[in-house]
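**Q** Have a look at this one.
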Amino acid sequence: MTALRPLPEAGERLPPLEIGPFDAAALIRYAQVSGDDNPLHLDDALAARIGFPAPPVHGMKLLAAFEPMLRAWRGDLVVAQLGGTFVQPVLRGDKVTLTGRVLRASPEEGVFVRLYAHGSSRAPAIMADATLRQPSSGGNG
Amino acid sequence: MTAGPAAAPLAETPRDPAPIAMRVAVDARRAADFAREIGADPHTVSLAYPALWLTEPAVRAAVTRICEEADAVPVHEAQRFAYDKPLAIGAVYDLVVTLRREAKPPRLVLEASLTTPEGAPVGRCETVLRIVPRAGLPKGGA
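From first to last, the protein sequence lines stand for chains A and B. Just so you know, we're using the working numbering here: the first sequence kicks off at 1 and counts up by one. Just so you know, we're using the working numbering here: the second sequence kicks off at 1 and counts up by one.
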């Protein structure tokens, strides 16, 4: 029987993860796989008419990328909740940096992590959070 | 599961559509393809996998109809997933999607609950779409 790793402490920072840049082929592929074929993400002319210099990357693709980051950090815990707000678009061709920090942790309530995705601008593209729990207390493993 | 402060119901708009119920399954190939696209292990089922079910024709049609009635386009504003138990490849679930309009600011909120066919809770997800009037978009916008 393996002893459980101690929970992280509040304030611990997750190793940052850089993803992208995503090119047009990557966005087409994501649209095909996910079913989210909103032309805004795929059509340069449409994006330009909205005021974007390039099509924005699907927000869901970026939000979902927090999960492998969390698993790489603490694979002994399961991610029970993940959610976020799409603050501003990440444009095709941008690199994205995912960061996170533990805000609180307890055996009863799990580990609450604040997450950010930053594109090329200073303001975050996504403000997110996740709750991780020890396997015996449920969640998506 | 919440996504920011509650907004007032849109009383003057048409009634919200009836909930959409579907039996869904985690397809191994789609799960692996989706996992690869988000940089995850293709042998696992992503937390975000239910997003694929929310693009099913019945849900898309309801969203499209509401947006067309408002002469507006949907902009994905927020998303949340919460689980009681993990999704499993090949497993079958019952998904019920409720669509709710909010007025200030105009939003469409999709609340989805996921249970086993026996009724045991599995998870929930919430999609918040900002409803942006076409009139407010730059000339020639979406």
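Note that CB positions come from ideal geometry on N, CA and C, so glycine has one too.
Is A:Ile-19 near A:Gly-84, with beta carbons less than 8 Å apart?
**A** As a position in the first sequence, residue 19 of chain A is number 19, starting the count at 1. As a position in the first sequence, residue 84 of chain A is number 84, starting the count at 1. Contact flag unset, no.
**Q** Could you check which residue in B:Gly-119, B:Leu-108, B:Gly-123, B:Val-122 has the C-alpha nearest to that of B:Arg-130?
**A** What you label residue 130 of chain B is simply residue 130 of the second sequence in a count that begins at 1. Here the closest residue by C-alpha is B:Leu-108.
**Q** Kindly indicate which three-state DSSP category B:Val-73 falls into: helix, strand or coil?
**A** Position 73 of the second sequence holds residue 73 of chain B. Correct three-state label for B:Val-73: strand.
**Q** Within 8 Å (strictly less), CB to CB, does B:Ile-66 reach chain A?
**A** Here residue 66 of chain B corresponds to residue number 66 of the second sequence, with the count starting at 1. No, because no Cβ of chain A sits closer than 8 Å to the Cβ of B:Ile-66.
**Q** Please classify A:Gln-81 as buried or exposed, where buried requires at least 16 other C-beta atoms within 10 Å of its C-beta.
**A** Here the question's residue 81 of chain A lines up with position 81 in the first sequence. The residue in question, A:Gln-81, is buried, as its Cβ has 16 or more Cβ neighbours within 10 Å.
**Q** Could you check if B:Pro-74 is buried or exposed, using at least 16 other CB atoms within 10 Å of its CB as the buried criterion?
**A** Residue 74 of chain B sits at position 74 when you count from the first residue of the second sequence. So B:Pro-74 ends up on the buried side.
**Q** With A:Leu-40 and A:Leu-132 assumed to form a contact (beta carbons below 8 Å), what rounded beta-carbon distance in angstroms separates them?
**A** As a first step, residue 40 of chain A is located in the first sequence; it is residue number 40 there, counting from the start. As a first step, residue 132 of chain A is located in the first sequence; it is residue number 132 there, counting from the start. That belief does not hold up - the Cβ atoms of A:Leu-40 and A:Leu-132 are roughly 33 Å apart, past 8 Å.
**Q** For a minimum of 3 consecutive residues, which ranges assigned as the beta strand (DSSP E) are wholly contained in the stretch 100-141 of chain B?
**A** DSSP runs (the beta strand (DSSP E)) wholly in the stretch 100-141 of chain B: 107-115, 121-133.
**Q** With distances taken between CB atoms, is the gap from B:Val-128 to B:Ala-72 smaller than 8 Å?
**A** To locate residue 128 of chain B, count along the second sequence from 1; it is residue 128. To locate residue 72 of chain B, count along the second sequence from 1; it is residue 72. It is not a contact, given that the beta carbons lie outside the stated cut-off.
**Q** Could you tell me which residues DSSP pairs with A:Pro-55 in its beta bridges?
**A** Working through the first sequence from its first residue, we reach residue 55 of chain A at position 55. The partner list for A:Pro-55 (beta bridge, DSSP) is empty, contrary to what the question assumes.
**Q** Would you say A:Ile-28 reaches chain B, if we count a Cβ-Cβ gap shorter than 8 Å as a contact?
**A** Working through the first sequence from its first residue, we reach residue 28 of chain A at position 28. No, no contact with chain B.
**Q** What are the start and end residues of the alpha helix (DSSP H) that includes A:Leu-14?
**A** Sequence index remark: in the first sequence, residue 14 of chain A carries index 14 (1-based). Taken as a continuous stretch (DSSP letters only), A:Leu-14 belongs to no alpha helix (DSSP H), as it is neither H nor E.
**Q** Helix, strand or coil for A:Ser-106, going by three-state DSSP, please let me know.
**A** Looking up residue 106 of chain A in the first sequence gives position 106. Here A:Ser-106 sits in strand by DSSP.
**Q** A:Ala-54 and A:Gly-93: beta carbons closer than 8 Å?
**A** For this step, residue 54 of chain A is matched to residue 54 along the first sequence. For this step, residue 93 of chain A is matched to residue 93 along the first sequence. Closer than 8 Å, so yes.
**Q** B:Arg-15 lies in the alpha helix (DSSP H); which residues open and close that run?
**A** What you label residue 15 of chain B is simply residue 15 of the second sequence in a count that begins at 1. Per DSSP, B:Arg-15 belongs to no alpha helix (DSSP H) and is neither H nor E.
**Q** If you compare alpha carbons, which of A:Ala-105, A:Ala-128, A:Leu-98, A:Val-102 is closest to A:Ser-120?
**A** Indexing the first sequence from 1 puts residue 120 of chain A at position 120. The option with the nearest alpha carbon to A:Ser-120 is A:Leu-98.
**Q** Quick one: give me the first and last residue of the beta strand (DSSP E) that B:Ala-40 is part of.
**A** Reading the second sequence from its first residue, position 40 is the one you call residue 40 of chain B. Run containing B:Ala-40: none; DSSP gives neither H nor E here.
**Q** Check whether chain A comes within 8 Å of B:Ser-113, counting only Cβ atoms and requiring the distance to be less than that.
**A** As a position in the second sequence, residue 113 of chain B is number 113, starting the count at 1. It does not; no Cβ of chain A falls within 8 Å.
**Q** Distance, Cα to Cα, B:Pro-57 vs B:Ile-20?
**A** For the purposes of this step, residue 57 of chain B is taken as residue 57 along the second sequence, with counting starting at 1. For the purposes of this step, residue 20 of chain B is taken as residue 20 along the second sequence, with counting starting at 1. Those two C-alpha atoms are separated by around 11 Å.
**Q** State yes or no: is the beta carbon of B:Asp-33 nearer than 8 Å to at least one beta carbon in chain A?
**A** Here residue 33 of chain B is taken as the residue at index 33 of the second sequence, counted from 1. By this cut-off, B:Asp-33 is an interface position.
**Q** Short check: CB of A:Pro-8 to CB of A:Arg-74, under 8 Å?
**A** Translated into positions along the first sequence, residue 8 of chain A becomes position 8. Translated into positions along the first sequence, residue 74 of chain A becomes position 74. Yes.
**Q** Along chain B, in chain order, which residues have C-beta atoms closer than 7 Å to that of A:Ala-86?
**A** On the first sequence, residue 86 of chain A is found 86 positions in, with the first residue counted as 1. Just to set this straight, residue 86 of chain A is Phe in the shown sequence, not Ala. The answer, in chain order, is His-76, Glu-77, Ala-78.
**Q** Return no unless some Cβ of chain B is closer than 8 Å to the Cβ of A:Leu-132.
**A** The count along the first sequence starts at 1 and reaches residue 132 of chain A at position 132. False, the Cβ-Cβ gap to chain B never drops below 8 Å.
**Q** Distance cutoff 8 Å, beta carbons only. Does A:Ala-125 sit that close to anything in chain B?
**A** Taking the first residue of the first sequence as position 1, residue 125 of chain A is located at position 125. No, no contact with chain B.
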